[in-house]
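Worksheet: the structure to be examined is printed underneath.
There are 2 protein chains.
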Amino acid sequence: MKLYIVGFGCGSRDGMTLEAEKAIKLSDLIIGYTTYTDILKKYFPEKTFLSTGMRMEKDRVKMALKSAESGKTTALVCSGDSVVYGMAGLAFEMSKDFTDVEIEVVAGVTAALSGSAVLGAPLTHDFAVISLSDLLTPPKKIEKRLKLAAQADFTIVIYNPSSRKRFDYLAKACKIMMNFKSPETVCGYVRNIGREGQNSKILTLAELAEENVDMFTTIFVGNSETAVIRGKMVTPRGYFNV
Amino acid sequence: MKLYIVGFGCGSRDGMTLEAEKAIKLSDLIIGYTTYTDILKKYFPEKTFLSTGMRMEKDRVKMALKSAESGKTTALVCSGDSVVYGMAGLAFEMSKDFTDVEIEVVAGVTAALSGSAVLGAPLTHDFAVISLSDLLTPPKKIEKRLKLAAQADFTIVIYNPSSRKRFDYLAKACKIMMNFKSPETVCGYVRNIGREGQNSKILTLAELAEENVDMFTTIFVGNSETAVIRGKMVTPRGYFNV
């Protein structure tokens, strides 16, 4: 009675860990959000998949727990990491009624890391990861975290920067951060990391506030020392005389 | 003239991405800190390795850039991710004199993610990553970041919590965080993630302040909602009626 919660990385075949590959191969049933099972079907055509649409997270987790309880080794798949804004937390919360099911979490390369590699090395020093989605988080809490993270001079990674309903959220977030970070702060973003149509851009925080990005974009706001070197976004660790 | 900066994950064979494996296989020379090349030698016995001791980061990066410039495809390897407190930043900084060398960064599963999977799901919501090492960062900056991250109610991941010289740094950090976080805050740590002798513990923030940990330990300090569920450290995302 085993449930794997598998983070399969950005979506490229090579971005997956060997452990994630093994967990998927060992599973009788693979359950996930449609967009993600569609990606995995290409890599594992011999496996059985079950998918549900957006905002069906609780149903998906329940299906996965029931499937594991029925004796099928099951993988609940998440893009990126299985914990970072992923399904592992919810699975543990809901597993109280499924105590026979053993849950194993398989970590994966979250967008903060795969996106960072595309831009260069923005995360070489301390950083914070914040989601702008207010579906499950009060907007005041998000604003407070943006403010304090900017004040702490963290490099800040922003997930879910936009959606149709939240088209102006990134601009608002940039304004909050500009109370503590210079408008010249080096920023970058990557869209469709590791997938078809991947593109990225390096720009200033003031420019970022004017930029239109979609929900498939991950944003990086540098710290006060972040610089552009050979066209890459680089945050120094602090080695002297480099 | 290619230099890969490769994050190979926590050190278990399975924790590596396919991309990291490919980059290492494609390389003529693999350069890294002795502890890490020793791990990789077991997995890739046919390859040529060159290692240097601790605090030789600049020499190591220079060797790697020179090796790539001489025409050898070279991999500079880092445990975890190649950017997060890794060598990629320094490599870009030092590459100004090696403009013919193409640098490709290969992301990997950093300890925040692999450790999180061991503990359960502590990073389901916004989080901050802070290193307590003051070799390259002024202590005041570290203290400021701890204070503001605690005030923001982030889950906080602490790297480099201790060393022989810095045996009391974790206790100090806990005291700073306890100005904003309850002493009952759920915390956890994992030692030797994915390697021989891996062990982990879940405890309160007050207990963590009294704990002896070593430099191979990664620390997780929950947010105000983090709970222990079925013996695991779980931060809820905020789904209702779970």
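Line by line, the protein sequences are chains E and G. 1 is the number of the first residue of the first sequence in the working numbering; add one for each residue after it. 243 is the number of the first residue of the second sequence in the working numbering; add one for each residue after it. Where a beta carbon is used, it is the ideal one built from N, C-alpha and C, also for glycine. Remember, predicted model here, so these are calculated numbers, not experimental data.
Check your understanding: So which residues of chain E does M457 (chain G) contact, with C-beta pairs closer than 8 Å?
Key -> The contacting residues do not exist; M457 (chain G) stays about 17 Å from chain E at best.
Open item on the list: Once the 5 residues before and after E184 (chain E) are set aside, which same chain residues still bring their CB inside 6 Å of it?
Closed with: If you ignore the 5 residues before and after E184 (chain E), its C-beta comes within less than 6 Å of the C-beta of T204, all in its own chain and listed in chain order.
Practice item. Please look up how many angstroms separate the CB atoms of I266 (chain G) and L318 (chain G), rounded, as I've assumed it's under 8 Å. Key: The distance from the Cβ of I266 (chain G) to that of L318 (chain G) is about 11 Å, inconsistent with a contact at the 8 Å cut-off.
Using a Cβ-Cβ cut-off of 8 Å, state whether G480 (chain G) counts as contacting chain E.
Closer than 8 Å: yes.
* To do: Please name the residue in G:M298, G:C252 and G:T316 whose C-alpha comes closest to that of L268 (chain G).
  => Cα-wise, what sits closest to L268 (chain G) is G:T316.
Please confirm if S373 (chain G) has its CB atom under 8 Å from at least one CB of chain E. Residue contact check for S373 (chain G) against chain E: a CB pair falls below 8 Å.
Open item on the list: Below 8 Å on C-beta distance, what does E261 (chain G) contact in chain E?
Closed with: Simply S12, D14 and G15.
Chain E partners of S337 (chain G), CB-CB under 8 Å?
I229 and R230, listed in chain order.
Got a sec: which bits of the segment 70 to 89 of chain E sit with their beta carbon under 8 Å from any beta carbon on chain G, in order along the chain? Residues of the segment 70 to 89 of chain E that bring their beta carbon within less than 8 Å of a beta carbon in chain G comprise D81, S82, V83, V84, Y85, G86, A88 and G89, in sequence order.
task = Spatial neighbours of D323 (chain G) within its chain, please: CB distance less than 6 Å, with the 5 preceding and 5 following residues excluded, ordered by chain position.
result = Result list for D323 (chain G): G249, A349, G350 and T352, in chain order.
*So, helix, strand or coil for F369 (chain G), using DSSP?*
In the three-state reduction of the DSSP assignment, F369 (chain G) falls in the strand class.
*Using the beta-carbon count (16 or more within 10 Å), is T48 (chain E) buried or exposed?*
Exposed, since its Cβ has fewer than 16 Cβ neighbours within 10 Å.
* Nearest CA to the CA of Y43 (chain E): which residue from E:S70, E:F216, E:K66 and E:D14? -> The residue among E:S70, E:F216, E:K66 and E:D14 with its C-alpha nearest the C-alpha of Y43 (chain E) is E:D14.
Coarse secondary structure for T37 (chain E), derived from DSSP in three states
Of the three classes helix, strand and coil, the one that applies to T37 (chain E) here is helix, per DSSP.
G71 (chain E) - DSSP class collapsed to helix/strand/coil: Three-state DSSP puts G71 (chain E) in coil, outside helix and strand.
Rounded distance between the beta-carbons of A359 (chain G) and V83 (chain E), thought under 8 Å: Contact between V83 (chain E) and A359 (chain G) holds, with the beta-carbon distance rounding to 7 Å and staying under 8 Å.
### Query
Among E:I31, E:L40, E:M1 and E:L3, which has the Cα closest to the Cα of C10 (chain E)?
Taking the Cα of C10 (chain E) as reference, the smallest distance to any Cα among E:I31, E:L40, E:M1 and E:L3 is reached at E:L40.
Review point. Terminal residues of the continuous alpha helix (DSSP H) containing K144 (chain E)?
Key: For K144 (chain E), the enclosing alpha helix (DSSP H) starts and ends at P139 to Q151.
For this session: Using a cut-off of 7 Å between C-beta atoms, extract the partners of T352 (chain G) located in chain E.
Result: Residues of chain E with a Cβ closer than 7 Å to the Cβ of T352 (chain G) are, in chain order, L113.
Given 8 Å as the limit, is there contact between the segment 287 to 302 of chain G and the segment 204 to 219 of chain E, that is, 3 or more CB pairs closer than that? Judged by Cβ distances under 8 Å, the segment 287 to 302 of chain G makes no contact with the segment 204 to 219 of chain E, as fewer than three pairs qualify.
query = Out of curiosity, what's the CA-to-CA distance linking T477 (chain G) and P364 (chain G)?
reply = Looking at the two C-alpha atoms, the distance is approximately 5 Å.
Please determine, among E:K62, E:L135 and E:N223, the residue with the shortest C-alpha to C-alpha distance to A150 (chain E). For A150 (chain E), the nearest C-alpha among the options comes from E:N223.
Any C-beta of chain G under 8 Å from that of V6 (chain E)
No, V6 (chain E) lies away from the interface with chain G (no Cβ there is under 8 Å from its Cβ).
Checklist line | Contacts that F334 (chain G) makes with chain E (C-beta to C-beta distance below 8 Å) | finding: G120, A121, I229, R230, K232 and V234, listed in chain order.
Taking the beta strand (DSSP E) that S200 (chain E) belongs to, which residues open and close that run? Run containing S200 (chain E): N199 to T204, per the beta strand (DSSP E) assignment.
Run through DSSP, which three-state label would C252 (chain G) get? The three-state secondary structure of C252 (chain G), taken from DSSP, is coil.
Nearest-angstrom beta carbon gap, K144 (chain E) and A394 (chain G) [assumed within contact, 8 Å]
Going by Cβ atoms, the distance from A394 (chain G) to K144 (chain E) rounds to 6 Å, so yes, they are a contact pair.
TODO: Would you tell me roughly how many angstroms separate the C-alpha atoms of A262 (chain G) and K417 (chain G), rounded to the nearest one?
DONE: Distance between the alpha carbons of A262 (chain G) and K417 (chain G): 39 Å.
Item checked: Near-chain E residues of the segment 287 to 300 of chain G (beta-carbon distance less than 8 Å), N- to C-terminal order -> If the cut-off is 8 Å between Cβ atoms, the segment 287 to 300 of chain G has E299 and K300 near chain E.
- What are the partner residues of S233 (chain E), as DSSP defines its beta bridges? Strictly speaking, residue 233 (chain E) in this sequence is Met, with Ser absent from that position. Note: M233 (chain E) sits in a beta bridge opposite E:G120 and E:V228.
Q) Residue range of the beta strand (DSSP E) that T220 (chain E) falls in? A) Note that residue 220 (chain E) is Phe in the sequence shown here, rather than Thr. Judged by DSSP secondary structure, F220 (chain E) falls within the beta strand (DSSP E) whose first and last residues are T217 to V221.
inquiry  = Going by DSSP, what residue range makes up the beta strand (DSSP E) through F334 (chain G)?
reply    = Run containing F334 (chain G): none in the beta strand (DSSP E); it sits in the alpha helix (DSSP H), A330 to M336.
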